[in-house]
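See below for the structure under consideration.
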Amino acid sequence: MQTTTMNITKMTSLVAFFCICFIITVASMNGLVIAERVFKVGDVFGWQEPGQNSSSLYAQWATRNRFQVGDSLSFDYKNDSVIEVDKWGYYHCDASKHIVAFNNGNRVFKLDKSGLFYYISGTPSHCKNGQRLLVEVMGLHHHSPPFIAAPPGYLAPSPQLSSGVSVSGTLGSLSMALMATLIALLWSLA
Numbered sequence: 046m047q048t049t050t051m052n053i054t055k056m057t058s059l060v061a062f063f064c065i066c067f068i069i070t071v072a073s074m075n076g077l078v079i080a081e082r083v084f085k086v087g088d089v090f091g092w093q094e095p096g097q098n099s100s101s102l103y104a105q106w107a108t109r110n111r112f113q114v115g116d117s118l119s120f121d122y123k124n125d126s127v128i129e130v131d132k133w134g135y136y137h138c139d140a141s142k143h144i145v146a147f148n149n150g151n152r153v154f155k156l157d158k159s160g161l162f163y164y165i166s167g168t169p170s171h172c173k174n175g176q177r178l179l180v181e182v183m184g185l186h187h188h189s190p191p192f193i194a195a196p197p198g199y200l201a202p203s204p205q206l207s208s209g210v211s212v213s214g215t216l217g218s219l220s221m222a223l224m225a226t227l228i229a230l231l232w233s234l235a
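Under the working numbering, think of the first position of the sequence shown as 46, with each following residue one higher.
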């Protein structure tokens, strides 16, 4: 009788321990979720050809902001266009092999994956004068310093991203580990 009571007490303690660990895990994972944000490109300046002394406007804007997967870029413009291009198109102001192009005055791009995104004006002279944007979108656990864009007119390839390793866990994997621990502890009681 005393052994049965002792086993029930141990089992109750283990179940309570598991529940506490699970609640802590869920709470900590929820704390890592970052709300999706919408960034207005260029802030109050919007998306337009910069003046002669402002050719690095968009490069500076991009370095002041930190973009995560799930965020969006809002381009607000008049009598112009916004074109998503590859790296070559960005550095050479070439929209001939564009990914998408819009000229409706307002466009929102959802940043749905990590990596580099390149945008240019469809007017080549505007692009060459600095109306181009390069943003680095980071995953939730990415900790590299912000990307610094090359100065306007620089035609060399862009710098490489950090080769650091990012380690992350998911709620499912943590829950499975806790469940396996509970089962192993219950098995030892038998």
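Even for Gly, the Cβ is constructed at its ideal location relative to N, Cα and C.
Original post:
Would DSSP call Arg111 helix, strand or coil?
Top reply: Coil.
Original post:
Under three-state DSSP, which class holds Asp157?
Top reply: coil
Original post:
From Val145 to Asp121, what distance separates their C-alpha atoms?
Top reply: Rounded to whole angstroms, Val145 and Asp121 show a C-alpha spacing of 16 Å.
Original post:
What are the residues that DSSP puts in a beta bridge with Leu179?
Top reply: Tyr163
Subject >> For Ser117, the three-state DSSP class (helix, strand or coil) >> reply: strand
Subject >> Cβ-based burial, Val86 [other Cβ within 10 Å; buried from 16] >> reply: buried
Subject >> Neighbourhood of His143 by C-beta, 6 Å cutoff - its chain only, sequence neighbours within 5 removed >> reply: Ile128 and Val130
**OP:** With DSSP as the reference, label Ser170 as helix, strand or coil.
**Re:** helix
Subject >> Same chain, Cβ closer than 6 Å to Gln176, five either side skipped, listed in chain order >> reply: Glu94 and Ser166
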